[in-house]
Amino acid sequence: LCITEYAKARMTKNRSEQVTRLICNVITGDLRPINLVDGRHFKNLMKFLEPAYDLPSRQTFTRNIESMYSLAKAKLKTKFSSANYIALTMDLWSSCKLESYLGITGHYMEVCGCKPTLRSCAIATKEVGEAHTGENIARWVESVMEDFSVSPQQIVACVTDNGSNMVSSMRILTEKHGWVHFRCAAHTLQLCIHDCIKQENIKRALGAARHLVQYFRQSPKAMNALKLKYAQTRTENDPLGVELVMDCLTRWNSSYEMLLRLVKYQLILRIVLRDETVTPRNKASHLELRESNWILIQHLVELLEPLKAATAFLEGDQYVSISSVIPVIKGLYEKYNTTLPEEDSFIVNFKRDMSESILRRFSTVLSDESSSSITVKNMYRKATFLHPAYKTKYFNRPVASAQLAIQAPALTHTAGVLSLEDILSLGKTDNSSDSGEEDVSITEGINWYLRQKCSQADPLTWWQANQLNSQLSQLTAKYLIIPATSAPSERCFSSAGLTVSKLRSRLTGKHVEILNFLHINQ
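Residue numbering for the sequence shown follows my numbering, beginning at 39 and increasing consecutively.
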């Protein structure tokens with residue numbers, strides 16, 4: 039047989055379908071445009087690799103991808119049907135075509151073999167054409183949940199940013215279904231940062247920094263000179279290339295990233311600015327930062343670094359994060375509420391402003407005065423209590439003053455900040471008996487848990503190994519599945535942005551949703 043005849047002989051129907059399926063995976067998994075299959079060079083490649091393969095039309099690939107979506111959606115609905123509790127995150131986004139989308143992600147516990155695993159998935163990237171009012175958002179969310187056969191009773195919580203329309207929508211969903219609304223911890227930290235960079239000296243330093251970054255990003259000659267100087271001075275441990283970042287109000291920690299790079303490249307930036315063959319002297323004099331600004335920027339980098347680290351940790355969705363909100367926020371508060379004698383007035387004032395902002399914006403976590411948020415407050419506490427590394431560690435001392443403590447009878451091993459009533463409610467559901475015998479059983483289980491050594495093990499793994507205390511271990515599927523931030527839904531839009539690129543600008547909203555769903559959930 040010649041090569042072509044041999045290829046035709048081995049190109050069975052099953053193999054042809056497999057090749058088609060793999061090409062579909064390239065389109066969805068690597069976010070390639072569907073018209074890839076119409077490309078002349080792609081056709082030549084397929085003809086070389088599989089001479090006997092009859093490349094289907096773009097319309098056929100579109101139908102196949104729609105079938106893949108239907109199958110994947112059915113599988114996800116099956117997983118949801120077996121989940122007692124599901125947590126959601128959601129956010130709004132606009133594409134390059136100025137089309138609006140609502141992103142929703144789901145988070146639940148799945149037992150694989152004998153091991154409980156935290157699962158995160160994209161549920162929808164739904165095109166929404168109406169006004170982004172609280173009423174409309176609530177209706178869209180209910181529609182998506184109905185489409186995935188998720189009952190309102192399965193939803194234990196929803197995490198959103200602090201936008202007024204999101205807050206309004208969650209107020210509606212809470213009143214109708216009892217969903218608990220968590221405000222994104224990372225977004226709230228960014229609001230704390232914005233509170234503290236409103237000082238005039240900081241605003242001036244940031245403005246000068248942006249002006250400098252903009253010059254290099256817009257001048258190929260200056261940027262090439264900067265890259266050349268960096269290549270001459272870098273050590274083998276330094277990364278290749280120079281990257282200057284412009285901050286953006288909607289990008290978390292972007293001011294920190296911009297300032298960090300300026301500090302890193304400070305020496306070579308100054309050298310390039312002083313080279314009159316690259317930058318005219320009169321222009322350089324307006325670009326060069328004053329020494330006082332460089333000192334202030336260095337201070338800001340050091341002061342913002344803990345917030346950057348906290349945000350990065352809380353954004354994770356592949357591990358339990360909600361249980362760390364109280365420890366992280368209390369740790370940040372204590373850090374910024376502590377000053378040293380040798381610190382200058384700028385650092386002292388910044389720390390004071392930051393600690394006050396954290397205390398105000400995280401009152402649900404740090405204070406007991408906001409009765410409207412008592413449900414959220416108690417769920418934060420319960421999640422922290424169920425983490426074997428924390429237990430009651432962060433309830434043993436007030437953060438700011440005596441009025442922040444919860445005044446209530448305390449269980450053995452606690453110190454009056456986590457109440458007996460709070461802890462006993464861990465083991466109760468709406469259908470729980472109120473008998474004294476059950477309370478005794480729960481109390482014994484809690485006391486047993488408190489007697490165990492604190493463990494740095496993954497909390498889900500720890501509770502799986504300690505299932506004898508079943509009333510508590512079963513609650514991990516309710517309280518520990520909640521993400522600390524709305525970052526998962528924001529990450530949906532990172533891939534959606536790639537999906538709706540200029541090459542794919544003709545995609546319908548439905549196909550954007552299909553491609554994004556398959557890409558994220560693969």
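Think of the CB as a built atom: it goes at the ideal place given N, C-alpha and C, for glycine as much as any other residue. What you are looking at is a predicted structure, and each value in this text was computed from that prediction instead of being measured.
Residue closest to residue i, alpha-carbon to alpha-carbon, out of the options
i: Thr69; options: Arg419, Val188, Ile103 and Arg78; result: Note on residue identity: the sequence assigns Leu, not Thr, to residue 69. Comparing Cα-Cα distances from Leu69 to each of Arg419, Val188, Ile103 and Arg78, the minimum goes to Ile103.
i: Thr499; options: Thr155, Trp131, Met128 and Gln56; result: Thr155
i: Leu126; options: Tyr517, Val166 and His425; result: Tyr517
i: Val182; options: Ile333, Thr163, Arg308 and Thr315; result: Thr163
i: Pro190; options: Asn174, Met204, Glu213 and Thr198; result: Glu213
i: Arg398; options: Lys491, Leu229, Cys222 and Ala350; result: Leu229
i: Tyr303; options: Ile558, Thr116, Thr100 and Ala263; result: Ala263
i: Gln502; options: Lys153, His219, Pro426 and Lys373; result: Lys153
i: Thr98; options: Ser133, Ile61, Asn122 and Ser119; result: Ile61
i: Asp76; options: Ser95, Thr349 and Leu130; result: Ser95
i: Gly547; options: Val363, Leu211, Lys117 and Lys135; result: Lys135
i: Ala176; options: Thr198, Ser187, Cys159 and Ala160; result: Thr198
i: Glu353; options: Leu244, Pro526, Leu211 and Asn63; result: Pro526
i: Leu311; options: Val64, Cys530, Tyr253 and Leu488; result: Tyr253
i: Ala350; options: Val550, Arg299 and Asn291; result: Asn291
i: Lys373; options: Glu180, Ala224, Leu341 and Val316; result: Leu341
i: Leu282; options: Leu300, Leu140 and Ser293; result: Leu300
i: Ser361; options: Lys265, Ile396 and Tyr418; result: Tyr418
i: Ile65; options: Lys81, Leu93, Thr100 and Glu88; result: Thr100
Exposed unless 16 or more other CB atoms sit within 10 angstroms - verdict on residue i
i: Asp258; result: Reading the sequence as shown, one finds Pro at residue 258 and not Asp. The residue is exposed, with fewer than 16 neighbouring Cβ atoms inside 10 Å.
i: Ala440; result: Unreliable placement is indicated for Ala440, whose pLDDT of 30 sits below 50; the coordinate value is still reported in the next sentence. Label assigned to Ala440: exposed.
i: Pro447; result: Confidence in Pro447 is poor, its pLDDT being 29 and thus under 50, which makes the residue's placement unreliable; the coordinate value appears in the next sentence. By the neighbour-count rule (16 or more Cβ atoms within 10 Å), Pro447 is not buried but exposed.
i: Lys85; result: exposed
i: Lys236; result: exposed
i: Glu343; result: exposed
i: Ala112; result: exposed
i: Trp217; result: buried
i: Leu83; result: exposed
i: Ala347; result: exposed
i: Gly279; result: exposed
i: Ile412; result: exposed
i: Lys429; result: buried
i: Phe555; result: buried
i: Glu295; result: buried
i: Pro426; result: buried
i: Leu287; result: exposed
i: Lys639; result: In this structure the chain extends from 39 to 560, so residue 639 is not present and cannot be described.
i: Trp178; result: buried
i: Ala260; result: buried
i: Lys51; result: exposed
i: Asn122; result: exposed
i: Gln445; result: Note that Gln445 has pLDDT 29, beneath the 50 cutoff, so the model's placement of it is unreliable and the number below is only indicative. Flag for Gln445 reads exposed.
i: Gly144; result: buried
i: Glu380; result: exposed
i: Asp185; result: exposed
i: Thr452; result: Legend: pLDDT at Thr452 = 36, less than 50; position of this residue unreliable, no value from coordinates given.
i: Ser457; result: With a pLDDT of 47 at Ser457, under the threshold of 50, the modelled position of this residue cannot be trusted, and the question is left open.
Continuous alpha helix (DSSP H) stretch holding residue i: start and end
i: Glu326; result: Per DSSP, Glu326 belongs to no alpha helix (DSSP H) and is neither H nor E.
i: Thr422; result: Ile412 to Phe423
i: Arg248; result: Glu238 to Gln256
i: Val64; result: Lys51 to Gly67
i: Ser207; result: Ser202 to His215
i: Gln304; result: Gln304 to Leu311
i: Thr288; result: Taken as a continuous stretch (DSSP letters only), Thr288 belongs to no alpha helix (DSSP H), as it is neither H nor E.
i: Pro497; result: Pro497 to Ala503
i: Asn559; result: Gly547 to Asn559
i: Lys85; result: Arg78 to Leu87
i: Tyr432; result: No alpha helix (DSSP H) holds Tyr432; DSSP gives it neither H nor E.
i: Ile72; result: No alpha helix (DSSP H) contains Ile72, which DSSP labels as neither H nor E.
i: Lys516; result: Thr514 to Tyr517
Segment limits, beta strand (DSSP E) that includes residue i
i: Trp131; result: Ile124 to Ser132
i: Ile1; result: Nothing can be reported for residue 1: it is not among the residues displayed for the chain, which extend from 39 to 560.
Residues that DSSP places opposite residue i in a beta bridge
i: Arg157; result: Tyr146
i: Leu114; result: Paired residue(s): none; Leu114 is not in a bridge.
i: Gly141; result: Asp129 and Thr163
i: Phe220; result: Val197
- [ ] Identify every run of the alpha helix (DSSP H) within the stretch 359-387, keeping only runs that are complete inside it and at least 4 residues long; order them along the chain.
- [x] 363-374
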